[in-house]
Every structure is written in C-alpha cells, then in structure tokens.
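Undergrad: Residue numbers (my numbering), protein chains in the order written: chain A, 165 to 612; chain B, 104 to 269.
Ideal placement from N, C-alpha and C gives every residue a C-beta, glycine not left out.
There's a structure below that I have some questions on.
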C-alpha cells in the first residue's frame, strides 16, 4: 500500500497534538519564521520560485509567478489574503489545517507577508466555519502576544497585522476577485481580468496576493527545507504533497496527503479508502471538486503528456497530481475526489450539481445567471417524471452558451459538469424513464 | 441617530465589538459584513433598522448595506428558530443519504424545510457544501456540527434537541 507522506498534516492527527501555541512551539513552531526574517524578502521569493509550488485552491497556478506579478512600483500598500473560503463540493482539507494546526497557517502567512512586504494580511474564511474563525482569532492573539504577528515582528522593522474576515455562505467568494469585493464590503461580483489582476489592482485597488490555505502552509516548508529540496518531492511540474479529499461511495472516505504523483486513483480508492461499498461497482469519479469534468468507470484515457511520454490509462491508472487528471480531460482542481458507484442515478447526480450552481451563481453575467437556472429546471423536470428525448441536447446547448462567456470561471465550473455528464452518459439521459423513477436497480439514495 | 439607537438597543458588548471591528480595516466599508454578523448574532436576524444604522456607522448609503443583506444566504431578514438546523444538500452528502436525514429531521422536529416551527424553536434549511464531505452526511445545529448522520443518529439528535427546548 502506498504510504502517506505528511508534511502539511504532519502533526494534525497525532495523539496529544493540540492547536495551542505552546504545543506548536514544542514541535519547532515559528522557527522557520525566525529563519525567514534573517533572509531578504526576495530570497524567500526565490525559494518559492525554485520549489515549483502550484496553488492548492483549484487552478494550480505557480505561486512564485503569482507573487512576481506584484506591482511594486505603484507605491500603494501591498495586501496578502488567505483564501479560506473552502466551498468547492467535495473539498474539506483546509478545514483540517485550520482546526488542528492553525499556527502553521499563521506562520506560513507571516513568512509570505514578509516576502511580498505586505503590511496587512487577511484570512477570508467561509461563514459556516464558526469554530474555524474562533480558532484562528485565538491563535492570532497567541501569536501576537509572542510577537510573531503585529508590530516589529521578532524585533525586526517589519510589521504586519492579520485579521480574520468571515464570509456569509456564498461560494462565489472563493473566486479571488469576488473575495476581494466581498472583503471590501460589497456584493462579491467577480472583476474582469484584465485589468483587475489582484497582483496589480486588488484589494482597495492595491497590489494584492490571494493564496489558498494549503498553499500558504507550504511556503513555510519550502523555506525550511529550501525550494530545491521541496521540488524533489513529487514529480517535475507537480511538486510537493497534496491533500486529497475522498468522499461518496467508498468504505473509508477521508483526507490523505501524498507526494504529487505518488499514487494512482486506483491505489487511492482501493488501498487507502478500502474500496467501494460491498457489492457495488464503480460508475464514475469526479476528480477535483464538483466543477471538474466527470470520469466514467470504463473509459480509456490516452494521449501524450507534457513531456512527450505517451499514456494509455484506465480510470484506476490516473496519477494523482496536477497533470494526471488534466491529461484525462478533467482537472485535479481542489483535490476533492467524489466517487459514485452503480447505485447512482446519473441524471439525479447532475441535477444535484446543477442545483448547486443555480444557487451559487452571483447573477452578474447573463449567460451564467440565466443558463444555470435553465440547466437546473431541465434536470429537475427530468427527475420529476417529465424527461424528453431531446433534453440531453438542450442541456448541452445551454452549457455551451455559458462556457467562455462570463467574467469569471464560475461559468466553466457550471458548464463542465453538464457537458461531461452528457458526453459520457448520453444514453442514460436520452433513455431516462419518463416516469422519473430511479433508473438503477440498487439506487437507494435520493439525490434531488 | 438617536431614534435608530433606541430602535436597535444593542448591548454594550456588541457595540464594543462593533467599534473594535471597524478599527481593523483600512477602509470602513469592509466592516459592513462583519457588522451584519455581529448584529445578527445578538438579534437572531438582521432587523430592518440595522441596515440604516450600519450605513450611518460606516458613512455609507443604506443601499450599500441592502446590496449585501440581500445577497448572502447566511444573513436573515426575519427571525430563525432558536435552533437553526442546516442540512448539507450537496452531492457528497446526498450520495450518503443527506436527503433522508433532512426528511427525518422534518418529521421528528415537526418543522418543514425552509420553515420555522410554530413555537419558534426550530428552523430547517438545506445549505450547500459544508466542507465535511468525508464525514457525510452532515448537519449543523446553530454552530455545532453533527457528522456521519444516519436515521438512528438523526432521531437521537432530535430527541436531544426537543429535550432542551423551551
């Protein structure tokens, strides 16, 4: 069985490990912060560049490059924001860090803030994380009392304050420019890029870096071990570990941290998660949160990887890194793997997903605002017993009119499930019984 | 502002928290959502007069507060039950029986989905992914999580909730 390599979650589940600062300090906490403040800010940035770290929030954009885009000439203050809005269906990794090891995040943030020279940092946390927000606020006060946060950190001439800001139940706040609008006290309508790249025109129209919780924790480990050492973990272009979250129809759902590419989908599901539920067969997997395109159990995935190597995979062979699920036509997204077995009514599953996007569209762009409602209406009607032969094509036509026509990537996130479910399960949509009964023999869970 | 302050009757504790919160931001408007949270925590919902009150406090127009009150699902315009039950509706929970849990909750608590029970004790609503998919299905009661719910655990939870009812 492939063995976990826990870097981010190293202590999180260790018996006796608590989230208070004393326990963190006993485990070497804030030592890397001390080390960092003896380095030049640009040296830390170089380490992050060398590490090849890619963002853990969903898009997988190289973190060092994101930092490089910072407009340092504007003379405006620079802001750092941690995106802790964890809302992508199927994802629950950041919550583990926040609840079990909040000081790791604070240390990662204060190192990152020093590197980008941000004098003010925020943690934007989703509104439903009542405990998470309290835990972080307490941890920040502990860290402030020890001079790891606030004025003249560790006696240096660098000061940075850290504020926890709660959202209020809107998925769109996970989109970085929507998040910024929300933090400014407005409706979280995402901004159009260009010109509103956060690194240039972010919070209060000032240069801003928005990074995910897991990403910022990684910065600490990069400085600790050096960017070059970090880059040896995982595979080229897919460095470090990732925390995968598995949910749905497996024996042992949960979170598992592995070097990127350190295991395949099959090893994850069969070995780590104890396989499927008794007597069931695999039907489909969504590999990177509900926005990622669905993968069908009996599909073959073939083609050429970025480095030119040819591949021919079954669903079980897909390597779990950034590029593997992408090569299979989907994405690793936020690392949320949702497993569906043959008891799943696939039309109901899509209807459930459509209801999510219909609820969460911010309503700014017409194709999305209108399209997601129509997609929900159509799949809901199908499930209610009025499926029509042409519904599959109708759904596809709506999804295709959303994709690429919106300010932010929510349009794609809503269109991709529809496009991929229909492409891969077209017959189930076309032959969906007009009486709306659950089509699968073993179907036992209502999804709509 | 006096008439508003009288109408609001916020506790000293909340007013202190509001002052401290406004201080934290380089631009006052950023405090709009946190202030709405603080008022909702005390009142159980966002009363109409709070909109104007916050606008004044942050030197904004009421519309600037309306636009966010009417956007975020967690901000409530009318009182919810004292025990606010949120059931995750999204796929990972649904695959593990979230809809059944919601049905059982409604039966046991005598309260329909999206409604508040006649005695004002319970409200039940479906919410989107609560980031606990590994322990699906999940239910939140006020700020408390209940994980790996099944029929038996749901019935037991309801029994507890009813026991502590006013």
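Mind pulling the beta strand (DSSP E) runs of 3 or more residues that sit fully within the region 178-256 of chain A?
TA: Taking only runs of at least 3 residues, the beta strand (DSSP E) segments lying wholly in the region 178-256 of chain A are 243-248.
Undergrad: Which whole-angstrom value describes the C-beta separation of residue 414 of chain A and residue 438 of chain A, a residue pair presumed to lie in contact below a C-beta threshold of 8 Å?
TA: Confirmed, about 7 Å.
Undergrad: When you check each C-beta in the region 280-305 of chain A against every C-beta of chain B, which residues fall closer than 7 Å?
TA: Taking 7 Å as the Cβ-Cβ cut-off against chain B, the residues of the region 280-305 of chain A that qualify are 284, 291, 292, 294 and 295.
Undergrad: Using a Cβ cut-off of 9 Å, pull out every chain A residue sitting near residue 190 of chain B, in sequence order please.
TA: The contacting residues do not exist; residue 190 of chain B stays about 12 Å from chain A at best.
Undergrad: Which word fits residue 321 of chain A, buried or exposed, when buried means at least 16 other C-beta atoms lie within 10 angstroms of its C-beta?
TA: Classification of residue 321 of chain A: exposed, given that the 10 Å Cβ count is below 16.
Undergrad: Which two residues bound the contiguous alpha helix (DSSP H) that contains residue 119 of chain B?
TA: Residues 115-126.
Undergrad: 8 Å is my cut-off, CB to CB: does residue 250 of chain A come that close to chain B?
TA: Output row for residue 250 of chain A: interface = yes.
Undergrad: Roughly how many angstroms lie between the CA atoms of residue 229 of chain A and residue 340 of chain A, to the nearest whole one?
TA: Those two C-alpha atoms are separated by around 16 Å.
Undergrad: Any idea what DSSP makes of residue 378 of chain A, helix, strand or coil?
TA: Correct three-state label for residue 378 of chain A: helix.
Undergrad: At 9 Å on the CB atoms, spell out the chain B contacts of residue 335 of chain A, in chain order.
TA: The answer, in chain order, is 231 and 232.
Undergrad: Based on the DSSP output, what are the partners of residue 284 of chain A in its beta bridges?
TA: Beta-bridge pairing links residue 284 of chain A to A:243 and A:325.
Undergrad: According to the neighbour-count rule (16 or more other Cβ atoms, all chains shown, within 10 Å of its Cβ), is residue 250 of chain A buried or exposed?
TA: Buried.
Undergrad: Have a look at residue 270 of chain A and residue 112 of chain B and give me their C-alpha separation to the nearest angstrom.
TA: If you take the alpha carbons of residue 270 of chain A and residue 112 of chain B, they lie about 37 Å apart.
Undergrad: Would you verify that the beta carbon of residue 347 of chain A is, or is not, closer than 8 Å to some beta carbon of chain B?
TA: Taking Cβ atoms only, chain B reaches closer than 8 Å to residue 347 of chain A, which makes this a yes.
Undergrad: Excluding the five sequence neighbours on either side, which residues of its own chain have a C-beta within less than 7 Å of the C-beta of residue 131 of chain B, listed in chain order?
TA: The residues are 125, 161 and 162.
Undergrad: Closest to residue 358 of chain A by C-alpha separation, out of A:352, A:366 and A:283, would be which residue?
TA: Minimum Cα distance to residue 358 of chain A is reached at A:366.
Undergrad: Would you identify the three-state DSSP class for residue 589 of chain A, choosing helix, strand or coil?
TA: Reduced to three states, the DSSP call for residue 589 of chain A is coil.
Undergrad: Counting only beta-carbon atoms, is residue 513 of chain A nearer than 8 Å to chain B?
TA: Judged by the 8 Å Cβ criterion, residue 513 of chain A is in contact with chain B.
Undergrad: Would you say residue 162 of chain A reaches chain B, if we count a Cβ-Cβ gap shorter than 8 Å as a contact?
TA: A question about residue 162 of chain A goes unanswered here, because the residues of chain A that appear run from 165 up to 612.
Undergrad: Mind checking the region 349-381 of chain A against chain B and listing, in chain order, the residues whose C-beta falls within less than 8 Å of any C-beta there?
TA: Flagged, chain order: 349, 350, 351, 352 and 368.
Undergrad: Which word fits residue 110 of chain A, buried or exposed, when buried means at least 16 other C-beta atoms lie within 10 angstroms of its C-beta?
TA: Not covered by the structure: residue 110 of chain A. The range shown for chain A is 165 to 612.
Undergrad: Can you pull the chain B neighbours of residue 255 of chain A, defined as C-beta to C-beta under 9 Å?
TA: Neighbours of residue 255 of chain A on chain B, chain order: 232, 234 and 236.
Undergrad: Within the same chain, show all residues whose beta-carbon is closer than 8 Å to that of residue 123 of chain B, passing over the 5 residues directly before and after it, in chain order.
TA: Cβ neighbours of residue 123 of chain B beyond the five flanking positions: none.
Undergrad: Please list the partners that residue 583 of chain A has in chain B, where partner means a Cβ-to-Cβ separation under 8 Å.
TA: Residues of chain B passing the Cβ test: none, with the nearest at roughly 17 Å.
Undergrad: Within 10 angstroms of the Cβ of residue 236 of chain A, are there 16 or more other Cβ atoms? Answer buried if so, exposed if not.
TA: It counts as exposed.
Undergrad: Please report how far the alpha carbon of residue 234 of chain B lies from the alpha carbon of residue 520 of chain A, in whole angstroms.
TA: Spanning the two alpha carbons is a distance of roughly 14 Å.
Undergrad: With a CB to CB cut of under 7 Å and the five nearest residues on each side skipped, what residues in its chain are close to residue 268 of chain A?
TA: Excluding residues within five positions, the ones whose Cβ falls inside 7 Å are 261, 381 and 384.
Undergrad: Going by DSSP, which residues form a beta bridge with residue 405 of chain A?
TA: Answer by DSSP bridge pairing, in chain order: A:423.
Undergrad: Nearest-angstrom Cα distance between residue 167 of chain A and residue 427 of chain A?
TA: Using only the alpha carbons, I get a separation of about 9 Å.
Undergrad: Any beta-carbon of chain B closer than 8 Å to the one on residue 178 of chain A?
TA: Chain B, which has no Cβ nearer than 8 Å to the Cβ of residue 178 of chain A, makes this no.
Undergrad: When DSSP labels each residue in this structure, what does residue 428 of chain A get in the three-state scheme?
TA: The answer is strand: DSSP assigns residue 428 of chain A an E or B state.
Undergrad: Residues in the same chain with beta-carbon distance under 8 Å from residue 289 of chain A, minus the five sequence neighbours each way, listed in chain order, please.
TA: Here the set comprises 248, 249, 262, 296, 297, 300, 328, 329, 330 and 331.
Undergrad: In terms of alpha-carbon separation, which member of A:405, A:278, A:592 and A:211 lies closest to residue 257 of chain A?
TA: Nearest option by C-alpha distance: A:405.
Undergrad: Strictly below 8 Å CB to CB, what residues from chain B border residue 259 of chain A?
TA: What residue 259 of chain A touches in chain B: 234 and 235.
Undergrad: Using CA atoms only, rank isn't needed, just tell me which of A:468, A:528, A:446 and A:490 is closest to residue 507 of chain A.
TA: It is A:446 whose Cα lies nearest to the Cα of residue 507 of chain A.
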